[in-house]
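So in numbering that gives the first Met the number 0, the last one in the sequence shown is 964, and the numbering has no gaps at all. Glycine included, C-beta positions come from ideal geometry on N, C-alpha and C. Keep in mind it's a predicted model, so treat the numbers as computed, not measured. All remarks here apply to the structure that follows.
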Amino acid sequence: MFTNSKLAKSVKLACAFGAASTIGFTGAVNAQETEEAADAVEKIEVTGSRIRRTDIEGANPVTVMSRVDIEKFGVTSIGDVLQAIPSAGSAINTNNNNGGNGTTTINIRGIGSNRTLVLVNGKRWAPGIGGSVDLNNIPAAIIERIEVLKDGASAVYGSDAIAGVVNIITRQDFEGVQASGYIGQWGEGDGNKEQWDIGFGTANDKGNVYFNISYVEEEPTLAGDREISSVPVFGTPAGFGGSSAPPQGRFHVFDQNPNFDPLDEDSAQFLSNNNEGDSNGGLAPWVEPTSRFNFAPFNYLSTPQERTNIYTQARYELTDNVSVNVTGFYGNRKSEQALAPTPLFLGTAFAENATLAANHPFNPFNRRITTDASYFTNPETTPNYDTLGLDPTLYDPNASEMFLFGRRMMEAGFRSFRQNVDQFQFNGGFEGVFEFADREFFWDVNYTYADITQNTSTDGLLNMDRVRSALGDPANCTGECVPLNLFGGAPEVIGEGTITQEMLDYITFTAQDELNSSLESYSANISGEVFELPAGYLAFAAGYEKRWQSGYDQPDAIIAAGITSGNARLPTSGAFSVEEAYLELAVPLLSDMPGVEQLDLELATRYSDYSNFGDTTNSKVGLKWRINEDLLVRGTWSEAFRAPSIDELFSGNSDAFPPLTDPCNGGAAGNPNLPGCAGIPASYVQPNSQIRITVGGNANLQAEEAESFTYGFVYSPAQIEGLSITFDVFDIEVDRAVSSVGAQTILNACAETGETLCSLITRGAGGNVVDLFNGQINLGGQTTSGFDYNVAYNFETEYGDFRINWDGTYIDERSLIVVDPVSGTSETFNDAGQAGDRDVVPRLRTNLALTWNYDDFTANWLVRYIGNTTELCQIDGGALDQQLCSDPVDPTAEEGDSFNELEAMAYHDVSLGYAVNDNLRITVGVNNLFDTDPEVSYSTFANSFDPSMYEIPGQFFYSRVNVTF
């Protein structure tokens with residue numbers, strides 16, 4: 000990886016070597032020929048500007064990754080490469096199983112992957128329905144280099160370019176055939192990965208054609224095959240953090256107290272009766288935590304994928320000044336996530352209504368167990384009965400409240416989520432150059448069409464209406480209905496237990512969902528030099544774009560009806576369009592003066608008119624001051640915006656069950672310093688580690704607005720040949736940031752303030768959370784600031800050529816400002832140096848790469864450093880916090896929180912390559928050479944480490960063969 004200052008020097012050196020060669024063959028050249036040679040240097044676009052220029056170093060901080068840099072990472076997905084750069088934050092990838100979907104995205108600055116714009120050859124690459132681009136579908140074999148702009152660029156490119164822009168440049172003018180093969184495997188013998196591709200290219204003086212086909216297959220690893228992920232919470236006693244839905248079943252009921260005295264405040268109306276199933280169809284007492292189910296070994300740790308991509312591009316000169324170009328891409332991804340068998344949850348603890356009939360053939364209680372309070376609430380003894388809205392004619396003195404029925408459906412098999420994704424994208428257009436007033440002007444017109452369709456099949460789900468029928472009165476269970484036996488237990492073996500195949504056939508279903516997103520656009524651009532100023536030529540770029548985006552999510556009918564045991568959700572559909580026009584200027588202010596070799600002003604503005612948001616104008620100002628050949632000082636101020644995605648706008652409500660810690664455990668009496676716990680009974684104990692939440696879109700969302708400011712320098716001292724140093728400060732402020740607040744944040748904020756976000760939580764009479772809304776809203780804002788640096792040094796010795804590259808990012812602040820939608824009160828959370836679930840924000844992250852070349856050998860050593868972070872450590876609020884949290888709360892203190900430090904660590908990746916001849920190259924490598932384990936986290940969901948920042952445990956060995964002919 001290197002900054003574009005190195006690219007600029009390379010171009011200058013190439014020009015110099017070219018000039019030297021000319022002198023060597025032709026002798027002296029006159030001044031006119033020298034000027035003509037200078038004019039002949041190709042003008043190109045660099046990411047961040049549409050103005051073509053010969054001076055590649057601009058006011059924008061751009062990092063360039065070559066094909067060689069990409070191969071150093073030894074992975075099969077370009078998304079995994081980009082997630083490893085220091086400026087990238089936590090993002091979804093194929094190591095995300097529960098909550099994953101097979102995609103890998105890039106999240107520059109850690110403020111959201113949908114705030115990073117992804118281009119291919121300067122053109123917008125189609126995002127999914129959620130607004131993020133799946134980088135798995137861009138084959139590495141077609142890439143020549145990647146340019147990463149770490150600055151806002153909405154004035155140049157439009158929506159989404161808030162944190163930065165990733166521009167993937169494909170191979171051009173390739174001639175011949177190139178093929179490569181890659182095979183890798185974890186040291187434990189699992190997670191095999193293969194990548195095969197072949198490319199064909201031909202070119203002549205009129206044009207070129209390139210065609211590539213690639214295939215990737217990645218096999219899974221199981222969570223049970225790594226110590227850290229084989230239990231719900233690493234380091235805790237057996238059963239801790241496990242599920243309340245074990246194979247033997249948990250059956251927690253509240254029986255009516257026949258001795259209840261409404262006049263005695265110490266008299267309980269209901270008595271807890273907490274049981275698990277025994278092996279004979281009866282009941283045994285529930286024991287914490289050993290009765291809980293360890294679901295972890297049944298989950299994937301890294302998920303399988305199979306990707307097939309076909310890419311072609313062609314360019315043909317129709318005349319000397321006009322050419323036509325086309326690009327076509329088709330990609331298919333088959334991916335899967337697997338979870339432990341479905342947990343069946345019923346009862347008032349989950350607001351999931353059901354009744355186990357007294358005459359049910361498998362009922363071990365021999366009485367009615369129900370969620371309907373009319374059956375178990377005595378009209379004679381219950382205070383204020385008339386205000387409860389119950390039916391006294393239904394009262395049954397023998398009935399009990401079904402508080403929590405949980406049963407792991409081992410007989411139904413794994414929950415398997417399989418995606419089959421087809422992506423098609425076509426870009427076509429004309430480009431050319433014309434002269435006017437002795438000036439060259441470059442133009443292009445383009446058309447883009449893209450379509451992404453995903454079909455998802457999910458096995459192991461339950462039709463809850465049929466479950467309720469199968470537990471009800473047998474007289475009403477007719478036709479296909481078969482009474483369901485939840486009792487008698489099941490071994491922790493897939494496919495075995497008391498539930499027969501006939502019972503399964505009635506209650507299970509395979510869900511079939513379909514998602515689609517599409518993009519269509521027309522654009523036209525023109526650029527050139529207008530007139531000459533004393534310090535150089537005034538250059539401009541201008542253009543127009545019309546874009547349409549649409550999408551839909553059509554869940555299975557049972558899921559949409561809300562009668563699934565999984566996450567229910569409603570259909571999503573929507574569309575919007577936008578018309579845009581932009582203008583960009585490069586104004587030379589001063590040149591060839593003492594202390595000012597060149598001073599340029601860069602200006603840009605873009606007007607956008609959305610069909611659903613109205614219009615917006617965003618501008619950018621940049622200053623580039625080259626003091627001398629060695630030192631360049633630069634800075635930019637820019638406005639940016641992001642239109643909410645189709646999913647954020649139109650997604651129907653759906654539910655999820657993340658693991659959460661309710662701060663109000665113990666009720667008001669146990670938490671006297673938490674005003675948000677007022678009114679919650681002292682007997683309240685969180686019944687399950689997973690809490691139902693509701694997520695969804697919001698059609699009233701407004702577009703995000705942002706301002707960013709960067710400034711820094713590039714230093715390449717002539718006295719130290721091969722050395723380049725860059726340093727850039729960044730500051731980004733996003734207003735009306737579209738996001739969900741976070742379920743744990745909502746719980747904590749409400750508990751601590753008694754006001755903020757409390758309107759989003761619904762609790763039952765016993766204090767348990769029955770629902771929590773964590774949908775999309777325009778938050779108060781989001782900010783981040785810090786600095787990037789890069790030190791690169793190339794030198795030659797008799798023992799070979801060396802290249803050292805040290806790239807890093809330091810985050811000073813990354814804050815989330817949350818405004819309560821009801822009260823208007825706000826809270827600010829600074830996450831810099833903090834770790835949360837799927838959001839790890841180390842203050843310092845660096846990559847140090849050492850490359851050695853000697854004759855036919857090449858060796859690489861890459862050190863990926865991740866700084867320390869601190870997480871809130873809430874394991875059990877007692878002994879385990881004291882034992883496992885690195886900074887536990889003082890046990891004698893009346894209040895306070897425990898914290899845990901995730902220490903700084905580094906991954907070491909090495910590779911050795913050998914060129915057998917001009918056509919064959921062999922590379923072998925090891926990622927995580929020293930077998931460094933990820934840092935143990937107690938705030939992340941599953942695995943006890945966060946896959947959005949850390950690798951799965953183990954060494955990864957791989958080999959690659961490249962053939963050209």
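Collapsed DSSP secondary structure at residue i in the structure displayed
{"i": "I227", "result": "helix"}
{"i": "I645", "result": "helix"}
{"i": "Q422", "result": "strand"}
{"i": "D504", "result": "helix"}
{"i": "I69", "result": "helix"}
{"i": "L262", "result": "coil"}
{"i": "Q881", "result": "helix"}
{"i": "D932", "result": "coil"}
{"i": "F297", "result": "helix"}
{"i": "R52", "result": "strand"}
{"i": "S179", "result": "strand"}
{"i": "T376", "result": "coil"}
{"i": "D385", "result": "helix"}
{"i": "A87", "result": "strand"}
{"i": "E531", "result": "strand"}
C-alpha distance - residue i paired with residue j, whole-angstrom precision
{"i": "S947", "j": "R467", "result": "39 Å"}
{"i": "W124", "j": "L861", "result": "30 Å"}
{"i": "L532", "j": "P587", "result": "7 Å"}
{"i": "E430", "j": "T615", "result": "29 Å"}
{"i": "E287", "j": "L300", "result": "27 Å"}
{"i": "G78", "j": "P138", "result": "10 Å"}
{"i": "P490", "j": "P245", "result": "10 Å"}
{"i": "G741", "j": "F940", "result": "13 Å"}
{"i": "L81", "j": "L648", "result": "28 Å"}
{"i": "L928", "j": "R225", "result": "17 Å"}
{"i": "E187", "j": "I951", "result": "12 Å"}
{"i": "F364", "j": "T497", "result": "18 Å"}
{"i": "T347", "j": "R762", "result": "11 Å"}
{"i": "N95", "j": "A449", "result": "26 Å"}
{"i": "S271", "j": "S650", "result": "40 Å"}
{"i": "V840", "j": "S89", "result": "8 Å"}
{"i": "A560", "j": "N926", "result": "46 Å"}
{"i": "L118", "j": "Q743", "result": "35 Å"}
{"i": "L537", "j": "P60", "result": "22 Å"}
Spatial neighbours of residue i in its chain, beta-carbon cut-off 7 Å, leaving aside the 5 residues before and after
{"i": "N358", "result": "D472 and P473"}
{"i": "M904", "result": "I865, T931 and E934"}
{"i": "K122", "result": "N426, N445 and T447"}
{"i": "F233", "result": "I227, V935 and S943"}
Own chain, CB closer than 6 Å to residue i, minus 5 neighbours either side, in chain order
{"i": "W195", "result": "G180 and Y214"}
{"i": "A667", "result": "C676, A677 and I679"}
{"i": "Q177", "result": "G198 and T963"}
{"i": "I128", "result": "L514, S516, G550, I645 and D646"}
{"i": "T21", "result": "At T21 the pLDDT is 30, less than 50, meaning the model places this residue with poor confidence; the figure from the coordinates comes in the next sentence. Answer for T21: no residue qualifies."}
{"i": "I803", "result": "Y792 and L849"}
{"i": "E34", "result": "Residue placement at E34 cannot be trusted, given a pLDDT of 43 that sits under 50; the coordinates are not used to answer."}
{"i": "D38", "result": "Caution is warranted here: a pLDDT of 46 is assigned to D38, below 50, making its placement in the model unreliable, and the coordinate value is therefore given only provisionally. Counting only Cβ-Cβ distances below 6 Å, and skipping sequence neighbours, we find nothing."}
Beta-bridge pairing of residue i - partner residues as DSSP gives them
{"i": "P658", "result": "Q689"}
{"i": "L622", "result": "L600 and G634"}
{"i": "M409", "result": "According to DSSP, M409 bridges with nothing at all."}
{"i": "E305", "result": "E216 and K333"}
{"i": "P284", "result": "N274"}
{"i": "K545", "result": "Y521 and E578"}
Nonlocal neighbours in the same chain, by C-beta distance under 8 Å from residue i, ignoring five residues either side
{"i": "P391", "result": "S373, P378 and Y384"}
{"i": "S334", "result": "T93, N100, G101, T302, P303, Q304, E305, R417, Q418 and V420"}
Please give me, in chain order, every unbroken run of the beta strand (DSSP E) with length at least 3 that falls completely inside the region 778-820. Those beta strand (DSSP E) runs which fall completely within the region 778-820 and span 3+ residues are 780-796 and 799-818.
What are the complete beta strand (DSSP E) segments, minimum 3 residues, inside the region 548-611? Along the region 548-611, the beta strand (DSSP E) occurs as fully enclosed runs of 3 or more residues at 571-592 and 595-609, listed in sequence order.
Within the region 437-496, note down every full beta strand (DSSP E) run reaching 3 residues or more, in order along the chain. Listed in chain order, they are 438-461.
Which ranges does the beta strand (DSSP E) cover as unbroken runs of at least 3 residues, wholly within the region 830-887, from first to last along the chain? Listed in chain order, the beta strand (DSSP E) elements of length 3 or more contained wholly in the region 830-887 are 843-853, 856-865 and 868-871.
Which residue spans inside the region 131-219 form an unbroken alpha helix (DSSP H) run of at least 4? Secondary structure within the region 131-219: the alpha helix (DSSP H) runs of 4 or more consecutive residues, fully enclosed, are 153-156 (chain order).
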